[in-house]
Structures are given as structure tokens and as C-alpha cells.
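Per our numbering, the sequence shown starts with residue 702, numbered consecutively.
For glycine and all other residues, C-beta sits at the position ideal for the given N, C-alpha and C.
The structure displayed is predicted, hence computed values, not measured ones.
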Amino acid sequence: MSPQQVAGRESPVFVGHTGIAAPFLRHNVDTDVISPLNPNPIKEGATNGERAFEGIRYFPDGRRDPDFFINQEAYRGASIMLTGRNFGTGSSRSSGVTWPMAMGIRVVIAPSFGPIFYTNAYRFGLLAVPLEMEKIEALAEWIESHPGVALTVDLERQVIEARGLEPVPFEVDGRVRRKLLEGLDDLEEISEHTATARSKRRDDRNQRPWVYQTSGNNDR
Numbered sequence: 702m703s704p705q706q707v708a709g710r711e712s713p714v715f716v717g718h719t720g721i722a723a724p725f726l727r728h729n730v731d732t733d734v735i736s737p738l739n740p741n742p743i744k745e746g747a748t749n750g751e752r753a754f755e756g757i758r759y760f761p762d763g764r765r766d767p768d769f770f771i772n773q774e775a776y777r778g779a780s781i782m783l784t785g786r787n788f789g790t791g792s793s794r795s796s797g798v799t800w801p802m803a804m805g806i807r808v809v810i811a812p813s814f815g816p817i818f819y820t821n822a823y824r825f826g827l828l829a830v831p832l833e834m835e836k837i838e839a840l841a842e843w844i845e846s847h848p849g850v851a852l853t854v855d856l857e858r859q860v861i862e863a864r865g866l867e868p869v870p871f872e873v874d875g876r877v878r879r880k881l882l883e884g885l886d887d888l889e890e891i892s893e894h895t896a897t898a899r900s901k902r903r904d905d906r907n908q909r910p911w912v913y914q915t916s917g918n919n920d921r
């Protein structure tokens, strides 16, 4: 499964994703690490995907650092990242989400996220899965002992699965889950309640007309 795009909408639908998962168990990875404000491109015309995590992904001379997961053969092309606490804290730059996505990441699993990163993630269609650190460490250990086995992160059923792996349940905020499953942006989410809100306002005006004496007649 892969994130799907709804025709005519900018907000992506995310039902689930299957791909290679990579452990990156580092805590407090902020947006300055994810998408450096003043990057030093490893080559002229480097893409955002190539610049993501630049400071820890490459040596100063441009050579790939083998300690960074995407540079390791087992995790090349990984689209699911397991990481530590407080991922994506710091700046509100949306590049903290879009650069990893340009690198191929579609799911980030962590014990906690920076609040702005979390909001940007579901707006851009990146699934941020909150999971206890002990479970992440156990999952990382399983991944390391089963190289090449893809994980499925099923948002609809809220479970992580793989061949030979005991299913790992997770829970995403209900509002975020619905927005991803249905591809709703903020305006679409609000608009479906507009008629109900107007009806309640009219009823309230009939019951308490004195409250609206200076508010005009915009809801007639």
C-alpha cells in the first residue's frame, strides 16, 4: 500500500504504506538537522531529498557517512524510519517534513514529535506514528535481524505488520487519522459542520434575540 492522491484535491489520502524500515534511534533530532537552514550542497543542483540530514549524512568532503541509515545497503530506499524521542522539534519550517519525504520517507515512528512537525506531517501526507520507545527498540532489533523484509503500516487498522512479526498496534489521534484516511484539509474538515453551526445559531437567536441585537443579520 502507498499513500494515494485524491483527484482534484491537494490533501493526500493515506490508508497505509508498505516498505523497507530503517532504525535511526537518535533522540532530539530537530529541524536544523533534518533540513539545515544554510545547507552546503554535496553537489551543485542537489535536490532537497539529497540535502535532507546533510550534516550527518555526508562527511565534509561529500563522501557518504556509512553510519547514516540511508547510506547502508540494507536500508537503501527505506521509506519507514524508526527514531527517538522529540523528533522534528525546533523551527516551524515545513522542510522538516518535505525534505525527508523527498528522500523517500513516508512514515516516521517515534515516541514523540515536535508539535509543529506533527501538524505539518499530516498536512503533507507523512504519517507520524507515536509508539513507546521500548516497542521501537524491539522493532528495530527485529528489523536488523530480518534484512530486506518490508513492513506494512496500516493506518486504517492502526497496526504494524510484517511476515514473521507479531503485529504491533499503535494509536493515532482520531482527528488526524480521519483527515489522512479521507484526504481532508482544514477547510474541508470545518466546512462539513457549517450548516449545522448556522442552524444552531438561528435557533439560539430565536430563543435569545437580545444577544444578537448588534450582530447584524448575516445568518438569515
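Pair every Cβ in the region 717-730 with every Cβ in the region 848-860, then say whether three or more of these pairs are closer than 8 Å. Contact between the region 717-730 and the region 848-860 is present, because at least three Cβ pairs lie under 8 Å.
Quick check for students: name the residue ranges of the alpha helix (DSSP H) that lie wholly in the region 775-827, counting only runs of 4 or more. Scanning the region 775-827 from its first residue to its last, the whole alpha helix (DSSP H) runs of 4-plus residues come out as 796-804, 816-825.
Assuming the contact rule is C-beta atoms closer than 8 Å, Gln859 and Glu872 should be a hit. Round their C-beta distance to whole Å, please. Indexing the sequence shown from 1 puts residue 859 at position 158. Indexing the sequence shown from 1 puts residue 872 at position 171. Between Glu872 and Gln859 the Cβ distance is about 6 Å, and since that is below 8 Å, they are a contact.
In whole angstroms, what separates the C-alpha of Lys651 from that of Glu883? Outside the shown range of the chain (702 to 921) lies residue 651, about which nothing can therefore be said.
With distances taken Cα to Cα, identify the nearest neighbour of Met782 among Glu755, Gly805, Arg879, Glu751. Mapped onto the sequence shown, residue 782 falls at position 81. Per the Cα distances, Gly805.
Helix, strand or coil at Glu845 according to DSSP, with G and I counted as helix: Within the sequence shown, numbered from 1, the residue matching residue 845 stands at position 144. Three-state result, Glu845: helix.
What do you reckon, are the CB atoms on Val830 and Gly785 nearer than 9 Å? In the sequence shown, the residue the question calls residue 830 occupies position 129. In the sequence shown, the residue the question calls residue 785 occupies position 84. The Cβ-Cβ distance between Val830 and Gly785 does not fall below 9 Å.
Does the count of Cβ pairs from the region 809-825 and the region 744-756 closer than 8 Å reach three? Verdict: no, contact absent.
Close beta carbons around Ser703, own chain, < 7 Å, minus the five adjacent residues each side: Locating residue 703 in the sequence shown gives position 2, counting from the first residue. Bear in mind that the predicted position of Ser703 carries a pLDDT of just 43, short of 50, making it unreliable; the figure below should be weighed with that in mind. The answer, listed in chain order, is His718.
Quick check for students: name the residue ranges of the beta strand (DSSP E) that lie wholly in the region 860-891, counting only runs of 3 or more. Contiguous beta strand (DSSP E) elements confined to the region 860-891 occur at 860-862, taking only those with 3 or more residues.
Residue closest to Ala747, alpha-carbon to alpha-carbon, out of Leu827, Pro910, Trp800, Asp733: Within the sequence shown, the letter at position 46 stands for residue 747. Selected option, being the one with the closest Cα: Trp800.
Mind checking who Val854 pairs with in its DSSP beta bridge? Taking the first residue of the sequence shown as 1, we reach residue 854 at position 153. Val854 is bridged to His718, Ile861.
How many angstroms separate the CA atom of Ile771 from the CA atom of Arg903? In the sequence shown, residue 771 corresponds to position 70, counting from 1. In the sequence shown, residue 903 corresponds to position 202, counting from 1. Put simply, the backbone Cα of Ile771 is about 57 Å away from that of Arg903.
For Arg758, which three-state DSSP category applies? Looking up residue 758 in the sequence shown gives position 57. Three-state DSSP puts Arg758 in a helix.
In the DSSP output, which residue or residues are listed as bridge partners for Pro831? By 1-based counting over the sequence shown, the position of residue 831 is 130. As computed with DSSP, Pro831 is found in a beta bridge with Ala811.
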